[in-house]
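K.L.:
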Amino acid sequence: MLVTGAAGGIGREVAALFAGSGADLVLADLDADALEELAVGLRNGTGRVLTVQYDGGDPRSAERLVSEAVGEFGGIDVLVPAAGIYPEKAVADMTDDEWQRVISVNLNGVFTLINRSIPHLCPGAAIVNFASVAGHRGSRLHAHYAASKAGIIALTRSLAMELGPDVRVNAVSPGTIMTPMVRDLVADRGDALLSNTPLARNGEPREIAAVVAFLASNAASYITGETLHVNGGLFMAG
Ligand SMILES: NC(=O)c1ccc[n+]([C@@H]2O[C@H](COP(=O)([O-])OP(=O)(O)OC[C@H]3O[C@@H](n4cnc5c(N)ncnc54)[C@H](O)[C@@H]3O)[C@@H](O)[C@H]2O)c1
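Going by our numbering, the letters in the sequence shown line up with residues 1412 to 1649, in that order.
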């Protein structure tokens, strides 16, 4: 399996869960040091671990990543593009570069990675993308992020139509999950978000990893083009 954003809060839980079931792992992230640190712990498992420094905003980096993964393992059975950024800025103050960077990493980066991977996907492969509640509802001060995630939902559906029946393509759409990405959000608006969350707590990264593993597994063999909400009820009630 190949996961990007592997050194992040959710990516590392996805990596650990798959490592626990003996999977070979390709771990990709912009942060090479964090990636190496993560890999040290995971190399005790039965599967092999390849780490690749990767910039989701650079198509050549996606090409290198796919080429290294295929060189090592021959193909890709599970692809999880989880790398993402979540900067805060009002549209009125946003520069073109700020808009482009978020779209480039969160949406274009997913396109280029999947595009370069398609010739190497194993029969029966699964892709699990990352959307967000913001992609369904919009997000004040994160319009670029929300737009990128709405794009992921449409990309997921379109790919499911193009890549079936051999490959399933789904997305997970997290609410507020306790990772470095939402540290500021939780500090600023955590109480308001919780008051609109029926399960009355934020999510843990392992609760997203479990859904990624489900969508990638045979248990989800008749699910494709779907975006699965995992938000403690916030999307419904908030
Ligand atoms: N945490 C949440 O509440 C939440 C909610 C909705 C969606 N998501 C989505 O889940 C995914 C994982 O988020 P997370 O919470 O683990 O975030 P995180 O900030 O903990 O991790 C993100 C990882 O992506 C890496 N990264 C950043 N820019 C990169 C680039 N250009 N190229 C490669 N790697 C890059 C970072 O180094 C980091 O390791 C993201 O796609 C995010 O948008 C998260």
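Glycine included, every Cβ here is placed at the ideal spot set by N, Cα and C. Please read all numbers here as calculations on a predicted model, not as lab measurements.
Leaving out five residues on either side along the sequence, give the residues of the same chain with a beta carbon under 7 Å from the beta carbon of A1545.
P.N.:
Taken in chain order, the residues that qualify are H1553, Y1556, A1557, K1560.
K.L.:
Would the C-beta of K1500 count as close to ligand 1, meaning under 8 Å from any of its heavy atoms?
P.N.:
Not so, every heavy atom of ligand 1 lies at least 8 Å from the Cβ.
K.L.:
According to DSSP, what are the bridge partners of R1579?
P.N.:
Note: R1579 sits in a beta bridge opposite A1537.
K.L.:
Could you check which residue in V1516, G1643, I1619 has the C-alpha nearest to that of E1718?
P.N.:
The structure shown has nothing for residue 1718, since the chain only spans 1412 to 1649.
K.L.:
Could you check how far apart the C-beta atoms of A1627 and A1537 are, in whole angstroms? I think they sit under 8 Å.
P.N.:
Rounded, the Cβ-Cβ distance is 4 Å, consistent with contact.
K.L.:
For G1649 and N1581, which I take to be in contact (beta-carbon distance under 8 Å), what is that distance rounded to the nearest angstrom?
P.N.:
Going by Cβ atoms, the distance from G1649 to N1581 rounds to 23 Å, so no, they are not a contact pair.
K.L.:
How far does the alpha helix (DSSP H) with A1443 in it reach, from first residue to last?
P.N.:
Note, A1443: alpha helix (DSSP H), 1443-1453.
K.L.:
Looking at S1584: is its Cβ nearer than 9 Å to the Cβ of S1543?
P.N.:
The answer is yes: Cβ separation under 9 Å.
K.L.:
Where does T1567 sit, in a helix, a strand or coil, going by DSSP?
P.N.:
The answer is helix: DSSP assigns T1567 an H, G or I state.
K.L.:
Please report the residue range of the beta strand (DSSP E) in which T1462 lies.
P.N.:
Unbroken beta strand (DSSP E) run through T1462: 1460-1464.
K.L.:
Is the beta carbon of L1449 sitting closer than 9 Å to the one on A1439?
P.N.:
No, Cβ-Cβ distance for L1449 and A1439 is not below 9 Å.
K.L.:
Could you say if the segment 1418-1432 and the segment 1607-1617 meet the contact criterion of at least three C-beta pairs nearer than 8 Å?
P.N.:
The segment 1418-1432, when compared against the segment 1607-1617, does touch it at the 8 Å Cβ threshold.
K.L.:
Taking the beta strand (DSSP E) that D1488 belongs to, which residues open and close that run?
P.N.:
Per DSSP, D1488 belongs to the beta strand (DSSP E) from 1487-1492.
K.L.:
Would you call T1462 buried or exposed, if buried means 16 or more other Cβ atoms sit within 10 Å of its Cβ?
P.N.:
Buried: at least 16 other Cβ atoms inside 10 Å.
K.L.:
Report buried or exposed for T1638, applying the criterion of at least 16 other Cβ atoms within 10 angstroms of its Cβ.
P.N.:
So T1638 counts as buried.
K.L.:
How would you label A1603, buried or exposed, when you count the other beta carbons within 10 angstroms and need 16 or more for buried?
P.N.:
Burial call: exposed.
K.L.:
Within a Cβ cutoff of 6 Å, which residues of the same chain sit near L1413, ignoring the five residues on either side of it in sequence?
P.N.:
Answer for L1413: V1437, A1480, I1487, L1490, listed in chain order.
K.L.:
Starting from V1622, trace the beta strand (DSSP E) both ways and give me its first and last residue.
P.N.:
No beta strand (DSSP E) contains V1622, which is instead part of the alpha helix (DSSP H) from 1616-1627.
K.L.:
Does any residue of chain D bring its CB to less than 9 Å from the CB of D1602?
P.N.:
Of the chains in the structure shown, none is chain D; there is only one protein chain.
K.L.:
Per DSSP, what are the beta-bridge partners of A1439 in this structure?
P.N.:
Partner(s): T1415, V1463.
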